[in-house]
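Working notes, beginning with the structure itself.
Residue numbers (the numbering used here): 17 to 278.
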């Protein structure tokens, strides 16, 4: 039987994971969380009540939502903008991989958003994206054609998701995909705090000739809750910052993934 200290640690870890899920999707139902964690509704409601007391979420009947959702959506702000200097460097290097006339898929997120800030050299481009903010940013540029997927709107990432977003990519062929991830590990692959985007990201990978994963070094050698079901032969490049260790670089390159360090 676990000690009191171990039980408290497990409880805190679970609440951290619940918060990660809500930060990813914007909302989560009690039913969804009980199924994910295999716990009673009473336990999940207690977790949500404590997260609300801490100021992270707002409870509603049957679930909880992010406190910052409404104001962030209105201001087109992405949730949890951390490691901005590293992401800016990654965005600059990733933008250098794009050439005039390319067909490109942009995943949603803060790191992929950083890429479009460094695309002044591009005047002709065809873009497919799940990111509403990226579509708005590039949509006014002459010579850039935008396809925005349908699906369910996720306000923390200002993106579309779900079955409709995934099915959109069935007839899309792109030369390059810039894919975001919550965690990436040579042993465990790419993983995410929520499974809602797994089908979309898998569909993006199938649609692209060359796949660039963009991830700051804080996400490397980490594991989140839900794994992306793809093998390393589908991932061609990892663009990250100088915080990556030499050991990790060697591990990824041994898997056939070329590491580009910003």
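A virtual CB, placed ideally from N, CA and C, is assigned to each residue, including glycine.
Since the model is a prediction, treat every value here as computed from it, not as a measurement.
Query	Result
Residue 185 (DSSP reduced to helix, strand or coil)	helix
Member of 218, 52, 106 whose CA lies at the smallest distance from the CA of residue 278	106
7 Å Cβ shell around residue 216 - same chain, five flanking residues per side excluded	146, 177, 181, 182
Span separating the alpha-carbon of residue 79 from that of residue 266	43 Å
Stretch-stretch touch, CB-based, cutoff 8 Å, three pairs: the stretch 130-144 with the stretch 195-214	no
Helix, strand or coil at residue 75 according to DSSP, with G and I counted as helix	strand
Rounded C-alpha distance that separates residue 91 from residue 237	Here residue 91 scores only 46 on pLDDT, less than 50, and its place in the model should not be relied on; the value that follows carries that caveat. Cα to Cα, residue 91 sits roughly 33 Å from residue 237.
Reference residue 127, options 260, 256, 276, closest by Cα	256
DSSP three-state assignment for residue 116, whether helix, strand or coil	coil
6 Å Cβ shell around residue 165 - same chain, five flanking residues per side excluded	146, 176, 181, 184
Residue 68 beta carbon less than 7 Å from that of residue 61	no
Closest residue to residue 162 among 124, 187, 197, 120 (Cα-Cα distance)	120
Distance between residue 196 and residue 23 (C-alpha atoms, nearest Å)	33 Å
CA nearest to the CA of residue 275, picked from 229, 242, 235	229
Within 7 Å, strictly: CB atoms of residue 209 and residue 101	no
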